[in-house]
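K.L.:
I have a structure here, written as structure tokens, and I will follow up with some questions on it.
2 protein chains.
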Amino acid sequence: MEDQAPVFEFDQDTQLTPQGEGEWSTVISDRWNITTIPNGGFVFALILGAVTQTSAHPDPLSATAHFLGKTEPGPARIVVQVLKEGRSLSTVEFGLFQQERLLVKGLVTLGNLSHQLGPTRLEQQRPDLGPPSKLITRRPNLRLFPMSGQFDYQIPADKAEGILGEPTGQAQISAKLRFADGREPDLNSLALFADALPPAVFQLGYRGWTPTIELTIHFRAHPVPGWIWSEISTSFLEKGLLEEDGRLWDEVGQLVALSRQLAIIPSDPQHRMI
Amino acid sequence: MEDQAPVFEFDQDTQLTPQGEGEWSTVISDRWNITTIPNGGFVFALILGAVTQTSAHPDPLSATAHFLGKTEPGPARIVVQVLKEGRSLSTVEFGLFQQERLLVKGLVTLGNLSHQLGPTRLEQQRPDLGPPSKLITRRPNLRLFPMSGQFDYQIPADKAEGILGEPTGQAQISAKLRFADGREPDLNSLALFADALPPAVFQLGYRGWTPTIELTIHFRAHPVPGWIWSEISTSFLEKGLLEEDGRLWDEVGQLVALSRQLAIIPSDPQHRMI
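Chains as they are written, first to last, in the numbering used here: chain G, 40 to 313; chain L, 40 to 313.
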């Protein structure tokens, strides 16, 4: 008896076929593309499915991916190897291959967030997007961001031009987002949410490709069903190298993840500041 | 003819003996201990020496280390493998072993910072520590931090109690530091500088062990000779999990590195908030 196909597109597109110990085949969908290239956060979320199936501990705590080459929609192979299995933490490494080329390589330390105990002190709260009546639903440009069709985005009306049109002059974007088809967020999908807004430096007037060299996500809590609040910012653009920091919050105000990527504005002048 | 022993302690303690292709032996010194355990940033800097000798590109841009177990002073083996060598970037993986146990595992993408071109826009400047006459030279507790004897620390007099005595109540520390023996900073040693202050959460009244799960450093520029300004902070302590972010600047005001670690306050009550 065959399994029924998943209802939601994210689940359909993150299916993995076991190929033996720590190895899976999958097909990278084109529904999560940025221009013609699969979104790095989507590919990371896809990989985390294999990682969490392999590990004795259920929840990624810190996950790093280095992007060695451009992935493309189509068949891929994911290999996961356990490096250490401890009492409270496990560490694994992974690789994603297409046509035998290693394109994404990473490390993940996993634990169990539901059992996590200790003090809490948050210096920043979930960003206030203003009254719901002033939030407008717009999508980033579907031609540049085909994957933006997968999300509902709510952004403050007075900032809406920034994400889509005129730059605000400050490399920062805040928005609420959720899967357009009603799929609820979970821990692995936060890797996708962390990379689902246009680059914060678009607010400075850049409109080119800003490839991610490395993306690290700290997972802090299982999100409750509902919207994810995302705030991304870049403080240090230096000779084309930039960090993009993200803070993700859920419907009840929990900080659910922190992300940081090192990205680069290619020195080719056609990609430079407009 | 034998090489002369290096003049400076950091160079003496980061010497590597080649053991064949991509493999080195070394001895972890106890001069960089935190209590009885070698500082993670020191071990990372030691490893980066092997990484940069292996890579076709000279400068780490993003380096991540996962700490799988406690290292200890004594013999260690470092293994480095090139995963990709591209035109402008290389990616390598490394492992540090003691007694055949993998204790530190990581990934590094390298490039050439001297050739880096592109726009610059910094949202934050080097922290202002106030007038030099109001800076005092103190070291964190040498019993807890034997390695603090390796550095000169200058901190604002009105914050001095925070780093050493009474908590300020805000998880943030700013200081100037340099090697006590006159060794100038370079790119690899920034991994050590990034981990050379007491944990920022000590300012909240914690005084226990906060082991690092994962440490990622973005290297942005070669520091000029002189002091390193370091500012560290924790914004999100959540059920014992915390990020510590660091910003490192050099004598001429360049941002030279960003660091972020995921650390944990153990749930064992004897390590909890005082």
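The C-beta atom is built at its ideal place from N, Cα and C for all residues, glycine as well.
For the beta strand (DSSP E) containing Val291/L, name the first residue and the last one.
P.N.:
Here the question's residue 291/L lines up with position 252 in the second sequence. No beta strand (DSSP E) contains Val291/L, which DSSP labels as neither H nor E.
K.L.:
Put Arg299/G into one of helix, strand or coil per three-state DSSP.
P.N.:
Here the question's residue 299/G lines up with position 260 in the first sequence. Correct three-state label for Arg299/G: strand.
K.L.:
Could you tell me the distance, in whole angstroms, from the CA atom of Val143/G to the CA atom of Gly150/G?
P.N.:
For the purposes of this step, residue 143/G is identified with residue 104 of the first sequence, where counting begins at 1. For the purposes of this step, residue 150/G is identified with residue 111 of the first sequence, where counting begins at 1. Taking the straight line joining both Cα atoms gives about 22 Å.
K.L.:
Identify the contact partners of Gln137/L in chain G, using a Cβ-Cβ distance below 8 Å as the criterion.
P.N.:
Numbered from its first residue, the second sequence carries residue 137/L at position 98. Near Gln137/L there are no residues of chain G at all, since even the closest Cβ is about 14 Å away, more than 8 Å.
K.L.:
Leaving out the 5 sequence neighbours to the left and right, which residues in its chain are closer than 6 Å to Trp71/G when beta-carbon positions are compared?
P.N.:
The residue you call residue 71/G lines up with position 32 of the first sequence. So the list reads Pro77, Asn78, Phe81 and Met186, once near-sequence residues are dropped.
K.L.:
Roughly how far, in whole angstroms, is the beta-carbon of Thr56/G from the beta-carbon of Ser64/G, given that I think they are within contact range, below 8 Å?
P.N.:
As a working note, residue 56/G is residue 17 in the first sequence. As a working note, residue 64/G is residue 25 in the first sequence. Going by Cβ atoms, the distance from Thr56/G to Ser64/G rounds to 5 Å, so yes, they are a contact pair.
K.L.:
Residue range of the alpha helix (DSSP H) that Phe47/L falls in?
P.N.:
Residue numbering aside, residue 47/L sits at position 8 when the second sequence is read from its first letter. Taken as a continuous stretch (DSSP letters only), Phe47/L belongs to no alpha helix (DSSP H), as it is neither H nor E.
K.L.:
Between Leu297/G and the rest of its own chain, which residues show a CB-CB distance below 8 Å, the 5 nearest in sequence each way excluded?
P.N.:
Your numbering for residue 297/G matches position 258 in the first sequence. Answer for Leu297/G: Ile256, His257, Arg259, Asp284, Gly285, Arg286 and Leu287, listed in chain order.
K.L.:
Closer than 7 Å between beta carbons: that is the criterion. Which residues of the stretch 88 to 106 of chain L meet it against chain G?
P.N.:
Leu100, Ser101, Thr103 and His105
K.L.:
Is any beta-carbon of chain L found at less than 7 Å from that of Gln120/G?
P.N.:
On the first sequence, position 81 is the one that residue 120/G refers to. So, not an interface residue.
K.L.:
Considering only residues of the same chain and omitting the five flanking positions on each side of Lys123/L, which have a CB-CB separation below 8 Å?
P.N.:
Your numbering for residue 123/L matches position 84 in the second sequence. The answer, listed in chain order, is Ser129 and Thr130.
K.L.:
Whose Cβ in chain L lies nearer than 7 Å to the Cβ of Lys278/G?
P.N.:
Here residue 278/G is taken as the residue at index 239 of the first sequence, counted from 1. Ordered by position in chain L, the residues that pass the 7 Å Cβ test against Lys278/G are Gln155, Leu156, Gly157 and Thr159.
K.L.:
List the endpoints of the continuous beta strand (DSSP E) containing Gly80/L.
P.N.:
As a first step, residue 80/L must be located in the second sequence, where it is residue number 41. Looking at the DSSP string, Gly80/L is not in any beta strand (DSSP E); the run it does join, the alpha helix (DSSP H), is Gly79 to Thr93.
K.L.:
Quick check: Glu282/L and Ser274/G, are their CB atoms within less than 7 Å of each other?
P.N.:
The count along the second sequence starts at 1 and reaches residue 282/L at position 243. The count along the first sequence starts at 1 and reaches residue 274/G at position 235. Their beta carbons are not under 7 Å apart, which means Glu282/L does not touch Ser274/G by this criterion.
K.L.:
Per the contact definition of three or more C-beta pairs closer than 8 Å, is the stretch 166 to 175 of chain G in contact with the stretch 226 to 241 of chain G?
P.N.:
no
K.L.:
I think Asp191/G touches Ala230/G, with their Cβ atoms under 8 Å apart; what is that distance to the nearest whole Å?
P.N.:
The residue labelled residue 191/G in the question sits at position 152 within the first sequence. The residue labelled residue 230/G in the question sits at position 191 within the first sequence. With a Cβ gap of about 19 Å, Asp191/G and Ala230/G do not count as contacting.
K.L.:
Judging by CA-CA distance, which residue of Gly108/L, Thr103/L, Leu85/L and Ala95/L is the nearest neighbour of Ile117/L?
P.N.:
The sequence position of residue 117/L within the second sequence is 78, counting from 1. With distances taken between Cα atoms, Ile117/L lies closest to Leu85/L.
K.L.:
Just checking: is the beta-carbon of Arg217/G within a distance shorter than 7 Å of some beta-carbon in chain L?
P.N.:
Position 178 of the first sequence, counted from the start, is the residue given in the question as residue 217/G. Arg217/G does not count as touching chain L.
K.L.:
For Pro114/L, which residues of its own chain have a beta-carbon under 6 Å away from its beta-carbon, when the five flanking residues on both sides are left out?
P.N.:
Sequence index remark: in the second sequence, residue 114/L carries index 75 (1-based). Val66.
K.L.:
From Leu226/L, Arg182/L, Ser213/L and Gly188/L, pick the residue whose C-alpha is nearest to that of Ala196/L; which is it?
P.N.:
The residue labelled residue 196/L in the question sits at position 157 within the second sequence. Nearest option by C-alpha distance: Ser213/L.
K.L.:
May I ask you to report which of helix, strand or coil DSSP gives Lys144/L?
P.N.:
Looking up residue 144/L in the second sequence gives position 105. In the structure shown, Lys144/L sits in a strand (DSSP, three-state: E or B).
K.L.:
Given that Gly149/L touches chain G, what residues does it touch there, using C-beta distances under 8 Å?
P.N.:
For the purposes of this step, residue 149/L is taken as residue 110 along the second sequence, with counting starting at 1. Reading off the sequence, residue 149/L comes out as Leu, not Gly. Within 8 Å Cβ-Cβ: nothing; Leu149/L doesn't reach chain G, min ~10 Å.
K.L.:
According to DSSP, which residues form a beta bridge with Tyr192/G?
P.N.:
Taking the first sequence and counting its residues from 1, one reaches residue 192/G at position 153. Beta-bridge pairing by DSSP links Tyr192/G to Leu216/G.
K.L.:
Can you name the residues of chain G whose CB is closer than 8 Å to the CB of Leu229/L?
P.N.:
If you number the second sequence from 1, residue 229/L lands on position 190. Going along chain G, no residue has its Cβ under 8 Å from Leu229/L, so there is no contact; the nearest lies around 14 Å.
K.L.:
How would you list, in chain order, the residues of chain G whose beta-carbon sits under 8 Å from the beta-carbon of Ile252/L?
P.N.:
Indexing the second sequence from 1 puts residue 252/L at position 213. Near Ile252/L (Cβ distances below 8 Å), the residues of chain G are Leu100, Ser101, Leu128 and Thr148.
K.L.:
Quick one: grab the DSSP three-state call for Asp187/L.
P.N.:
Counting from 1 along the second sequence, the entry for residue 187/L is found at position 148. Sequence inspection shows Ser at residue 187/L; the Asp mentioned does not correspond to that position. Reduced to three states, the DSSP call for Ser187/L is helix.
K.L.:
Residues in its own chain within less than 7 Å of Asn348/L by CB, not counting five upstream and five downstream?
P.N.:
An answer regarding residue 348/L cannot be provided, because it is not within the stretch 40 to 313 covered by chain L.
K.L.:
Does any residue of chain L bring its CB to less than 7 Å from the CB of Ser306/G?
P.N.:
As a working mapping, residue 306/G is identified with position 267 in the first sequence. At a cut-off of 7 Å between beta carbons, Ser306/G contacts chain L.
K.L.:
Here's the rule: buried if 16 or more other CB atoms are within 10 angstroms of the residue's CB, otherwise exposed. What is Val291/G?
P.N.:
Taking the first sequence and counting its residues from 1, one reaches residue 291/G at position 252. Exposed: under 16 other Cβ atoms inside 10 Å.
K.L.:
Since Asp234/L contacts Leu254/L with CB under 8 Å, what's their CB separation in whole angstroms?
P.N.:
In the second sequence, counting from the first residue as 1, residue 234/L sits at position 195. In the second sequence, counting from the first residue as 1, residue 254/L sits at position 215. Between Leu254/L and Asp234/L the Cβ distance is about 7 Å, and since that is below 8 Å, they are a contact.
K.L.:
Measuring alpha carbon to alpha carbon, tell me which of Ala102/L, Gln138/L and Asp289/L ends up nearest Gln314/L.
P.N.:
Residue 314/L is absent from the structure shown; chain L starts at 40 and stops at 313.
K.L.:
Using the C-alpha atoms, what's the distance from Ser272/G back to Arg182/L?
P.N.:
Here residue 182/L refers to the residue found at position 143 of the second sequence. Here residue 272/G refers to the residue found at position 233 of the first sequence. Distance between the alpha carbons of Arg182/L and Ser272/G: 39 Å.
K.L.:
From Asp52/G to Gly188/G, what does the alpha carbon distance come to, in whole angstroms?
P.N.:
Position 13 of the first sequence, counted from the first residue, corresponds to residue 52/G. Position 149 of the first sequence, counted from the first residue, corresponds to residue 188/G. Rounded to whole angstroms, Asp52/G to Gly188/G spans 15 Å at the Cα level.
K.L.:
Closer than 6 Å by C-beta to Thr249/G: which residues in its own chain qualify, once you throw out the five before and the five after it? Chain order, please.
P.N.:
As a working note, residue 249/G is residue 210 in the first sequence. Counting only Cβ-Cβ distances below 6 Å, and skipping sequence neighbours, we find Pro238, Ala302 and Ile304.
K.L.:
Give the DSSP-derived three-state secondary structure of Lys173/L in the structure shown.
P.N.:
Sequence index remark: in the second sequence, residue 173/L carries index 134 (1-based). If DSSP states are grouped into helix, strand and coil, Lys173/L belongs with the helices.
K.L.:
DSSP has Val66/L in a bridge; who is on the other side?
P.N.:
The residue labelled residue 66/L in the question sits at position 27 within the second sequence. According to DSSP, Val66/L bridges with Pro114/L.
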